[in-house]
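Enquirer: For reference, the structure I am asking about is given below.
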Amino acid sequence: MTQPAARPSGRRNASAPAQQRPTTPHEPSAPAAPDAPPAPRRRAAKSVSAEPAAAPRRALVHLESVPDAGAAAPARRAADKDLPLRDDIRFLGRLLGDVLREQEGEAAFDLVETIRQTAVRFRREDDRAAAAELDRLLKRLSRDQTNSVVRAFSYFSHLANIAEDQHHNRRRRVHALAGSPPQPGSMMHALRAIDAAGVTGKTLRKFFDEALIVPVLTAHPTEVQRKSILDAQREIARLLAERDLPMTARERDHNTAQLRAKVTTLWQTRMLRNTRLMVVDEIENALSYYRTTFLRGIPQLMSELEEDIATVFPAGRRNRDVPAPLPPFFQMGSWIGGDRDGNPNVTAQTLEHAACEQSRLILEWYLDELHALGAELSMSTLMVDASAELLALADASPDHSDHRADEPYRRALIGIYARLAATSERLTGHAARRHAVAEAQPYANAEALAADVQIVIDSLRAHHGGALARSRIDALQRAIGIFGFHLASIDMRQVSDVHEAVIAELFAAAGVESDYAALPEDRKLELLLAELRQPRLLTLPWHEYSEQTRGELAVLAMARELRQRYGARVARNYIISHTETLSDLVEVMLLQKETGMLRGALGSKRDPARMELMVIPLFETIEDLRNAPGIMQALLELPGFDAMLAHQGDEQEVMLGYSDSNKDGGFLTSNWELYKAELALVQLFEERRIKLRLFHGRGGTVGRGGGPTYQAILSQPPGTVNGQIRLTEQGEIINSKFANPEIGRRNLETAIAATLEASLLPTQNAPKDLASFEDVMQRLSDHAFHAYRDLVYETPGFKDYFFATTPITEIADLNLGSRPASRKLMDKKNRRIEDLRAIPWGFSWGQCRLLLPGWYGFGSAVQALLDQAADDKARKAVVATLRRMVKTWPFFSTLLSNMDMVLAKTDLAVASRYAQLCEDKALRKTVFARISAEWHLSCEMLALVTGKHERLADNPLLARSIKNRFAYLDPLNHLQVELLKRYRSGRDDDDIRVRRGIHLTINGIAAGLRNTG
201 MTQPAARPSG RRNASAPAQQ RPTTPHEPSA PAAPDAPPAP RRRAAKSVSA
251 EPAAAPRRAL VHLESVPDAG AAAPARRAAD KDLPLRDDIR FLGRLLGDVL
301 REQEGEAAFD LVETIRQTAV RFRREDDRAA AAELDRLLKR LSRDQTNSVV
351 RAFSYFSHLA NIAEDQHHNR RRRVHALAGS PPQPGSMMHA LRAIDAAGVT
401 GKTLRKFFDE ALIVPVLTAH PTEVQRKSIL DAQREIARLL AERDLPMTAR
451 ERDHNTAQLR AKVTTLWQTR MLRNTRLMVV DEIENALSYY RTTFLRGIPQ
501 LMSELEEDIA TVFPAGRRNR DVPAPLPPFF QMGSWIGGDR DGNPNVTAQT
551 LEHAACEQSR LILEWYLDEL HALGAELSMS TLMVDASAEL LALADASPDH
601 SDHRADEPYR RALIGIYARL AATSERLTGH AARRHAVAEA QPYANAEALA
651 ADVQIVIDSL RAHHGGALAR SRIDALQRAI GIFGFHLASI DMRQVSDVHE
701 AVIAELFAAA GVESDYAALP EDRKLELLLA ELRQPRLLTL PWHEYSEQTR
751 GELAVLAMAR ELRQRYGARV ARNYIISHTE TLSDLVEVML LQKETGMLRG
801 ALGSKRDPAR MELMVIPLFE TIEDLRNAPG IMQALLELPG FDAMLAHQGD
851 EQEVMLGYSD SNKDGGFLTS NWELYKAELA LVQLFEERRI KLRLFHGRGG
901 TVGRGGGPTY QAILSQPPGT VNGQIRLTEQ GEIINSKFAN PEIGRRNLET
951 AIAATLEASL LPTQNAPKDL ASFEDVMQRL SDHAFHAYRD LVYETPGFKD
1001 YFFATTPITE IADLNLGSRP ASRKLMDKKN RRIEDLRAIP WGFSWGQCRL
1051 LLPGWYGFGS AVQALLDQAA DDKARKAVVA TLRRMVKTWP FFSTLLSNMD
1101 MVLAKTDLAV ASRYAQLCED KALRKTVFAR ISAEWHLSCE MLALVTGKHE
1151 RLADNPLLAR SIKNRFAYLD PLNHLQVELL KRYRSGRDDD DIRVRRGIHL
1201 TINGIAAGLR NTG
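Per the working numbering, the sequence shown runs over residues 201 to 1213.
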């Protein structure tokens, strides 16, 4: 298929409503043409009203104004660095425009161009007339036109994301080729820092021997992309990366044709799901990232880390006990298939399916690698010797071909393949894609497979094959240690209320207690502990229990079976959501006993109690975080719990929830209470000499703990990491981090580097004035908490404003994830903010461009501190302290850096149009005016504290990216508002088409903002 000629640069479409300037060197183009006007910088406005249909635009100045002579050279250098990015975006935008013209016709192309140009004027040129013109254009669109416009702007956002990711990879490679110093976030940078601090090789070895770093993939209702779309985007990314390689003219033309075909595939593929995503779909989606990134990326990362350690801590230097090879301290976790909190679709069967599919994927990958090794390791004993162990392994192989009689490595690998193929069929019920030469005995466990592979490696190293041992087979051996036969540990999670109900039913049926749920806490504990000391079970074999009780017991019984089948690592954690009391934890211990997962008796010296699954509390709300140290102290003091701890290696995990604490108390207070809870837990566990591992429930948005992983780990309180950390990767963030293998590898590397630095350089993270800083932070938190609660929970009608002015209802209706948007059924009369899940709460604020959970209350908090100062001198002292906090306290500087990004993405002018959806004028005025005032105050106070009046002054690339995207997000937001009006008014006779349009805009806006879930 030949490609239509690109429109000449500077040529304006005949139907375009305004004269167009040529593109400047610093900006991406529109989806349809390569000649978008430059992006200006805004000035802050005094106020934004929610009342006018088209809110007044703030005054604008040009971003790309001509620099003065002194700044000319740096500006040119910056322009040169970003030139490939701009070229890629123009190129992909032009392809999208060509596909739009071909698929939808010239009229559709011209319509998108007109809307684009009008939106650019509206956004960048302070053209008041453009606002009204854009409004008229969008209101007149037919259903089909709406669909085309939304898809065009949505796909441009997706393609721009791909181009940006490729540019990040490109810049890292440029630095590597130039021999630049290691960048912060790299393993080499971390190793050099700890070496400079005097850390010894012995200390480093101890760190890796005890370390455990686990990213945990979770499925959440902000995954707006279908797998078909994601697959096409991955291929576009691969093809775009190819264009950085030397190509002949024919090769480049072929590459362009392939890219155009993939963009066409995107256009012709349904963007939305017709049915709600099922848990099995979420499992398959998650597994695709293993094929793309994790299976090769993690072993490669471990190999490179060993090389970096050998460079920084070379053998022969005094006290350099280098850790080689590294233990598999970096592993993967998953909630998909085991997380039942508010998700009735997760059952014992989905847990089994998740484990089986995970095992099937990793075993197939091992088999493919063994098959490739059989072709590669063709060494003949006529040429080189082999070890006795290798020869014995070859002799035990079912391969007796005369053609390979002198090729022991091949025969040994064929034997390993045959045994693993039998293992795969036994564990998954599926035969290997390539049949083994004969039947063989399955491996009992992954360790047995690893032992055979190690024989091959040792023989290669002992007989002049060191280079061969460091290639594919080394990566295979590392993978076996990391992934086993289970691939990833599946956490189980359920809310504490469900456990209480199940225990209550068991007690009532057994005649122990008729109304357990109504008992005071001390009486509950008395009953639970008494049962844990009993050898008998509560469960009656012939009693007909409720569906809920049967389901909960079945999940634990399945976990027991899976551990026997795939190994203990497949399921080792049980997380209790909304842990509020000690009984919430002990209830799960008793449920484990009822399903054979807890053996022995609590307090028994002869047969002490020991659990198969670690019971992990999840502290979520502000109150829960404050109670966390007391609950954990009570758990550690529980008679007989010391034996359980010994069984799990004298370590205990605690999970901290960023999402619900934010929804409960606001951004500042949530972060501060998390900080305090961590410090208190560390002190408690250090006193008891028990290892604490913190599990951070971070989401995509800043309001849910999002932000760069490297800074997030480094900003943890001193002593809270210590080589042990688990953290969630949620929703669409999984795609943005791990869909591209190079980007994914970098994200994995930053997690290791940050954990190294936070563990071995903790004193560098503690400022000298920490005590006074913490006092100031407490005062800020108190004021921010009051401001946030006053708006969200104490303003009459706020919940009605939220449901009216955001697409929360439509998000709940969208076929995004398998989990409902709320834990409870909600109707207009009974709906409450408290019952809404924190994920769609944050997602909705992102859609209307307010992102309120990531900043609200900061401005009021700082202003309150200043107002409490006695005079100007005292106020200057407050500001000076806050500025020292930014410069010397990683926790505070990371907090403000993340908030800076959210404030930059907030747009009050666009949000004011959403405010029009609230029909109660008085409520609309009251709430929006408060939000607007707090945004301006927060920006003002942030500038005062940091001394920087421009958003993202320290990250100009992100600042440019955000501002250049805004003009292409505006039409999607305006269309979403118009479609919401139509849908909610019922004036459109085709509700299905209107809903589809709304859902398409949700998809596009989420893609443009990137971290919205």
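Ideal Cβ positions, reconstructed from N, Cα and C, are used throughout, including at glycine.
All values reported here derive from a predicted model rather than from experimental measurement.
1) Could you round the C-beta distance between L1180 and P1007 to whole angstroms and report it? I think they count as a contact, below 8 Å.
2) Consult DSSP for A801 and reduce its assignment to one of helix, strand or coil.
3) Under a three-way DSSP split, which group does D539 fall into?
4) With H, G and I counted as helix, E and B as strand and the rest as coil, what does DSSP make of Q852?
5) By Cβ distance below 7 Å, which residues in the same chain neighbour L1215 in space, the five residues on each side in sequence not counted?
6) Below 8 Å, can you find three or more Cβ-Cβ pairs linking the region 825-844 to the region 908-915?
7) Within this structure, are the beta carbons of A363 and L292 separated by less than 8 Å?
8) What is the residue span of the beta strand (DSSP E) that G897 lies within?
9) Where does S696 sit, in a helix, a strand or coil, going by DSSP?
10) Near E851, what residues of its chain come up, given a Cβ to Cβ distance below 8 Å and the 5 sequence neighbours on each side ignored?
11) Quick check: I816 and F530, are their CB atoms within less than 8 Å of each other?
12) Taking P384 as the reference, which of P446, H571, E957 has the closest Cα?
13) Have a look at M471 and K876 and give me their C-alpha separation to the nearest angstrom.
14) Taking the alpha carbon of L782 as the point to measure from, which residue in L567, L838, L737 has its own alpha carbon closest?
15) For the putative contact between Y1114 and S357, defined by C-beta atoms under 8 Å, what is the C-beta separation to the nearest angstrom?
16) Does the pairing of the region 738-745 with the region 530-544 give three or more beta-carbon distances under 8 Å?
17) Please list, in chain order, all residues of the same chain as S624 whose beta carbon is under 6 Å from its beta carbon, the five residues on each side excluded.
18) Look up P1090 in the DSSP assignment and say whether it is helix, strand or coil.
19) Given a cut-off of 8 Å, decide if E887 and P826 are closer than it, judged by their beta-carbon atoms.
20) What are the start and end residues of the beta strand (DSSP E) that includes T493?
21) So, do the region 694-708 and the region 586-598 have three or more beta carbon pairs nearer to each other than 8 Å?
22) Do A393 and L961 come within 8 Å of each other at the CB atom, strictly closer than that value?
23) L1158 and L1152 look like a contact to me (Cβ under 8 Å); what is the Cβ gap, rounded to whole Å?
24) Secondary structure at M814, three-state DSSP: helix, strand or coil?
25) Would you mind working out which of D1107, T995, L338 sits nearest T1126, comparing C-alpha positions?
26) Decide if S1044 is buried, meaning its Cβ has at least 16 other Cβ atoms within 10 Å, or exposed.
27) Looking at the structure shown, is V546 part of a helix, part of a strand, or coil, going by DSSP?
28) Just grab the DSSP bridge partners of E564 for me.
29) Which residues share a DSSP beta bridge with P808?
30) Label K968 either buried or exposed according to how many other C-beta atoms from any shown protein chain fall within 10 Å of its C-beta, with 16 as the threshold for buried.
31) What is the rounded straight-line gap between the Cα of I1198 and the Cα of D1035?
32) According to DSSP, is E974 helix, strand or coil?
33) Which value, in whole angstroms, describes the spacing of the CA atoms of P204 and V463?
34) Considering only the alpha carbon of each residue, which of R323, V350, D282, D444 lies closest to W1207?
35) Applying the criterion that 16 or more other CB atoms from any shown protein chain within 10 Å of the CB defines a buried residue, is K724 buried or exposed?
36) For M977, which residues in the same chain have their Cβ closer than 6 Å to its Cβ, ignoring the five residues on either side in sequence?
Expert: To lay it out plainly:
1) Here residue 1180 corresponds to residue number 980 of the sequence shown, with the count starting at 1. Here residue 1007 corresponds to residue number 807 of the sequence shown, with the count starting at 1. Indeed, because the Cβ distance is near 6 Å, the residues count as touching under 8 Å.
2) To locate residue 801, count along the sequence shown from 1; it is residue 601. The answer is strand: DSSP assigns A801 an E or B state.
3) Start at 1 with the first residue of the sequence shown, and residue 539 comes out as number 339. Strand.
4) Here residue 852 refers to the residue found at position 652 when the sequence shown is read from its first residue. In this structure, Q852 counts as strand in the three-state DSSP scheme.
5) No information on residue 1215 is available, as it lies outside the stretch 201 to 1213 that the chain covers here.
6) Contact between the region 825-844 and the region 908-915 is absent, because fewer than three Cβ pairs lie under 8 Å.
7) Working through the sequence shown from its first residue, we reach residue 363 at position 163. Working through the sequence shown from its first residue, we reach residue 292 at position 92. In this structure, the beta-carbon distance from A363 to L292 falls below 8 Å.
8) Taking the sequence shown and counting its residues from 1, the one referred to as residue 897 is at position 697. From DSSP, the beta strand (DSSP E) with G897 extends over 891-897.
9) Within the sequence shown, numbered from 1, the residue matching residue 696 stands at position 496. Here S696 carries a helix assignment [DSSP, helix/strand/coil].
10) As a first step, residue 851 is located in the sequence shown; it is residue number 651 there, counting from the start. If we look at E851 and ignore the five residues flanking it on each side, its Cβ neighbours are L845, I890, K891, L892, R893, Q924.
11) For the purposes of this step, residue 816 is taken as residue 616 along the sequence shown, with counting starting at 1. For the purposes of this step, residue 530 is taken as residue 330 along the sequence shown, with counting starting at 1. In this structure, I816 lies away from F530, with their beta-carbon atoms at least 8 Å apart.
12) Numbered from its first residue, the sequence shown carries residue 384 at position 184. Looking at the Cα atoms, E957 is the closest of the given residues.
13) Within the sequence shown, the letter at position 271 stands for residue 471. Within the sequence shown, the letter at position 676 stands for residue 876. Cα-Cα distance, rounded: 44 Å.
14) Walking along the sequence shown from the start, residue 782 turns up at place 582. Of L567, L838, L737, the smallest CA-CA separation from L782 is found for L838.
15) Residue 1114 sits at position 914 when you count from the first residue of the sequence shown. Residue 357 sits at position 157 when you count from the first residue of the sequence shown. Taking C-beta atoms under 8 Å as the contact rule, Y1114 and S357 fail to qualify, at a distance of about 19 Å.
16) Flag = no, the region 738-745 and the region 530-544 do not touch.
17) To locate residue 624, count along the sequence shown from 1; it is residue 424. The residues are L563, A632.
18) By one-based count along the sequence shown, residue 1090 stands at place 890. Residue state, collapsed to three classes: helix.
19) Residue numbering aside, residue 826 sits at position 626 when the sequence shown is read from its first letter. Residue numbering aside, residue 887 sits at position 687 when the sequence shown is read from its first letter. What sits at residue 826 in the sequence shown is Arg, not Pro. R826 places its beta carbon 8 Å or farther from that of E887.
20) On the sequence shown, residue 493 is found 293 positions in, with the first residue counted as 1. For T493, no beta strand (DSSP E) run applies, since DSSP gives it neither H nor E.
21) Cβ pair count under 8 Å is below three, so no.
22) Within the sequence shown, the letter at position 761 stands for residue 961. Within the sequence shown, the letter at position 193 stands for residue 393. In this structure, A393 lies closer than 8 Å to L961 by Cβ.
23) Reading the sequence shown from its first residue, position 958 is the one you call residue 1158. Reading the sequence shown from its first residue, position 952 is the one you call residue 1152. The distance from the Cβ of L1158 to that of L1152 is about 5 Å, consistent with a contact at the 8 Å cut-off.
24) Looking up residue 814 in the sequence shown gives position 614. Three-state DSSP puts M814 in a strand.
25) Mapped onto the sequence shown, residue 1126 falls at position 926. A check of alpha carbon separations from T1126 across D1107, T995, L338 identifies T995 as the nearest.
26) Position 844 of the sequence shown, counted from the start, is the residue given in the question as residue 1044. The residue is buried, with at least 16 neighbouring Cβ atoms inside 10 Å.
27) If you number the sequence shown from 1, residue 546 lands on position 346. Correct three-state label for V546: coil.
28) Looking up residue 564 in the sequence shown gives position 364. None, per the DSSP bridge assignment.
29) Position 608 of the sequence shown holds residue 808. Paired residue(s): A801.
30) Reading the sequence shown from its first residue, position 768 is the one you call residue 968. Burial state of K968 is exposed, judged by a 10 Å Cβ sphere holding fewer than 16 other Cβ atoms.
31) Within the sequence shown, the letter at position 998 stands for residue 1198. Within the sequence shown, the letter at position 835 stands for residue 1035. Across the structure, I1198 and D1035 are spaced so that their CA atoms are roughly 24 Å apart.
32) As a first step, residue 974 is located in the sequence shown; it is residue number 774 there, counting from the start. Helix.
33) Along the sequence shown, one-based indexing puts residue 204 at 4. Along the sequence shown, one-based indexing puts residue 463 at 263. Residue confidence is low: P204 scores 37 on pLDDT, short of 50, so the model does not pin down where it sits. Its coordinate-derived value is still stated next. Going by the C-alpha atoms only, they are around 14 Å apart.
34) Taking the first residue of the sequence shown as position 1, residue 1207 is located at position 1007. Just to set this straight, residue 1207 is Ala in the shown sequence, not Trp. For A1207, the closest alpha carbon among the candidates R323, V350, D282, D444 is that of V350.
35) The residue given as residue 724 occupies position 524 in the sequence shown. Burial state of K724 is buried, judged by a 10 Å Cβ sphere holding 16 or more other Cβ atoms.
36) One-based indexing of the sequence shown puts residue 977 at position 777. Closer than 6 Å at Cβ, skipping near neighbours: W872.
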